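Novice: Counting from 40, one number per residue, gives the positions in the sequence shown under our numbering.
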Amino acid sequence: MLKVEEISDIISKQIKNFNAKMEVKETGTVLSIGDGVARVYGLEKAQAGELVTFENGVNGLILNLEENTVGIAVMGHGNDIKEGDLVARTSNIANVQVGDKLLGRVLNGLGYPIDGLGKIEGSQTRLIEQKAPGLIAREPVSEPLQTGLKSIDALVPIGRGQRELIIGDRQTGKTAVALDAIINQSTENVKCVYVAVGQKQSTIAKVVSKLQQHDALKYTVVISATASDPAPMQYLAPYTGCAIGEYWRDKGEHALIVYDDLSKQAIAYRQLSLLLRRPPGREAFPGDVFYLHSRLLERSCKISSNNNDLYSYKNITKGGGSLTALPIVETQANDVSAYIPTNVISITDGQIYLAPELFYSGQRPAINVGLSVSRVGSAAQVAPMKQLAGQMRLELAQYRELASFAQFGSDLDKETSEQLERGSRLFELLKQDQYTPLSIEDQVIQIYASTQNISEDRQETWIRHYDKQKIHKYLEHLTKFFHENHENIMTYIKENLTKKIDSEMKKEIDKALLNFSTVFKD
40 MLKVEEISDI ISKQIKNFNA KMEVKETGTV LSIGDGVARV YGLEKAQAGE
90 LVTFENGVNG LILNLEENTV GIAVMGHGND IKEGDLVART SNIANVQVGD
140 KLLGRVLNGL GYPIDGLGKI EGSQTRLIEQ KAPGLIAREP VSEPLQTGLK
190 SIDALVPIGR GQRELIIGDR QTGKTAVALD AIINQSTENV KCVYVAVGQK
240 QSTIAKVVSK LQQHDALKYT VVISATASDP APMQYLAPYT GCAIGEYWRD
290 KGEHALIVYD DLSKQAIAYR QLSLLLRRPP GREAFPGDVF YLHSRLLERS
340 CKISSNNNDL YSYKNITKGG GSLTALPIVE TQANDVSAYI PTNVISITDG
390 QIYLAPELFY SGQRPAINVG LSVSRVGSAA QVAPMKQLAG QMRLELAQYR
440 ELASFAQFGS DLDKETSEQL ERGSRLFELL KQDQYTPLSI EDQVIQIYAS
490 TQNISEDRQE TWIRHYDKQK IHKYLEHLTK FFHENHENIM TYIKENLTKK
540 IDSEMKKEID KALLNFSTVF KD
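1. Determine, using beta-carbon pairs with one atom in the segment 452-466 and one in the segment 164-180, whether at least three such pairs fall under 8 angstroms.
2. How far does the beta strand (DSSP E) with residue 233 in it extend, from its first residue to its last?
3. At what residues does the alpha helix (DSSP H) containing residue 280 begin and finish?
4. Going by the beta-carbon positions, is the gap between residue 362 and residue 294 smaller than 7 angstroms?
5. Between which residues of its own chain and residue 71 is the CB-CB distance below 6 angstroms, once the five residues before and five after are set aside?
6. Shortest alpha-carbon distance to residue 108 belongs to which of 440, 556, 315?
7. Please determine if the segment 191-204 and the segment 154-172 are in contact, where contact requires at least 3 C-beta pairs separated by less than 8 angstroms.
8. On the CB-based measure, 16 or more other CB atoms within 10 Å of its CB, does residue 343 come out buried or exposed?
9. Could you name the residues that DSSP lists as bridge partners for residue 183?
10. Relative to the C-alpha of residue 92, which candidate in 105, 132, 171, 73 has its C-alpha closest?
11. Suppose only complete runs of 4+ residues qualify. What are the alpha helix (DSSP H) ranges in the segment 494-549, listed by chain order?
12. Just the C-alpha distance for residue 552 and residue 278, rounded to the nearest angstrom, thanks.
13. Which term fits residue 54, buried or exposed, when burial requires 16 or more other beta carbons within 10 angstroms of its beta carbon?
14. For residue 68, report the span of its beta strand (DSSP E) as first-last.
15. Measure the Cβ-Cβ separation of residue 150 and residue 136 and say whether it is below 7 angstroms.
16. Within 10 Å of its beta-carbon, does residue 550 have 16 or more other beta-carbons around it, so buried, or fewer, so exposed?
17. Can you give me the start and stop residues for the alpha helix (DSSP H) that residue 481 sits inside?
18. Give, in chain order, every unbroken run of the alpha helix (DSSP H) that is at least 4 residues long and sits entirely within the segment 316-355.
19. Taking C-beta to C-beta, are residue 502 and residue 423 nearer than 7 angstroms?
20. How about residue 393 and residue 490: are their beta carbons less than 7 angstroms apart?
21. Check for me: the alpha helix (DSSP H) holding residue 399 runs from which residue to which?
22. For residue 213, is the classification buried or exposed, using 16 other Cβ atoms within 10 angstroms of its Cβ as the cut-off for buried?
23. Measuring straight from C-alpha to C-alpha, what distance separates residue 119 and residue 95?
24. With respect to the alpha helix (DSSP H) encompassing residue 423, which residues constitute its N-terminal and C-terminal limits?
25. Residue range of the alpha helix (DSSP H) that residue 464 falls in?
26. In or out: residue 318 buried (at least 16 other Cβ within 10 Å) or exposed?
27. State the Cα-Cα distance for the pair residue 465 and residue 309, rounded to the nearest angstrom.
28. For the beta strand (DSSP E) containing residue 361, list its first residue and its last residue.
29. Using only CA atoms, which one of 66, 138, 148, 99 lies nearest to residue 127?
30. Based on Cα-Cα distance, which residue from 218, 469, 534, 97 lies nearest to residue 366?
31. Can you tell me the Cα-Cα spacing of residue 479 and residue 186, whole angstroms?
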């Protein structure tokens, strides 16, 4: 038996080593739950945008602050949540992990990994909802963001820090354009974020597989909020992706973010708002649906390279960075004048319109040159491309007008026939296989051969001799020929992107094209 002194010593030691820890939690009670939205009583000091935890471990996001209750969006499958369950405050406004350790990972709408590769350790956190940088912290968009697609880099150039909308009906190649742009960043030192909203899990799995296949996943973060995920996750996913991209922007690096797509985010937000009893407006969307997208897309910009302009912005540690946004919006039966498309068009700096009739006729990417526009324009275009592609847009637009009239009559004058012939060849030039983005020097050589005349005497381009059906093959062999036999020309173009092609270089390119025309036969 223990002696009284021994028992006394043990109790004394336990008292000495006892540290009283008291944890205070503010909790509320679920009054009602249904369709992913809970009404909770008792969270008096709750904040808008704060994360809470339900008894079953599922997170919730506070969206409505009412007199006696709060409206909470359940960020998961809340089948186990019932009336009377306790809800605990976390006192944390919704935040997400950011940093280079996220590259190559697939995350859910709240930024938690769902790829089975384990936790992400040692990364920083950042608020999901951030205020966009003010005017003083920004500078005009001037650096090009190369997509590797001739039809975009030549006709609708995108700059770093720009917001360029990709719009069109379903199944017209919108995601394909965005993925090509991501794959092309492998040599551009641009980090990428791909946000999938409201898509099938199998579709997102294919996207991840394609990125892995082209070695692009190592510099990309994928945010997945599938069609089977609750509406709150689909609503929040684009903001989560934006916060991750902003981390690199504010460090002075360059990032590209793709929102695929914002029309599904708007539908998820409409569902949430109606369940939260917010008053419906046009097409039952809430009154702040414009603000939903504007506060997201305004965060994409080019940060001033002058660090003196950044003293009042605590998150921005270095100037010169950028976040480029490629939001995608799906239209119904070509209706670009619908509510959500017009909202996003008015927020962005231009749009790439993909036309179904072009897609089904074999013109891929199916970019409608007449309706597509970049409000940054040639300010974000390399000098050789600006020099060669200046007239292309006009010629293609004229060709489409002439082609629509030419189908009604057979008697065409020589000038009109030549214009139709030239335009049809330019359209062949713009065709490009998916997942095969081209370097800027390859694009310049192909456009040179398609737009420049053989000589002043002969007003015909280098590809004029070849059958239209063989142009794609001709251009493929052309770039291969230049890399194998005239690498000095390709290097010159690559290293002198701020200079136009001078007369001496033109002579050298013409000489090389003449050599190629003797080698390549139909």
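The beta carbon of each residue, even a glycine, is placed where N, CA and C say it ideally should be. Bear in mind the structure is a predicted one, so any value in this text is a computation, not a measurement.
Specialist: To lay it out plainly:
1. no
2. 230-236
3. 270-289
4. yes
5. 78
6. 315
7. no
8. buried
9. 198
10. 132
11. 510-524, 526-534
12. 49 angstroms
13. exposed
14. 66-73
15. yes
16. exposed
17. 479-490
18. 328-336
19. no
20. no
21. 395-399
22. buried
23. 7 angstroms
24. 422-428
25. 453-469
26. exposed
27. 43 angstroms
28. 361-369
29. 66
30. 218
31. 9 angstroms
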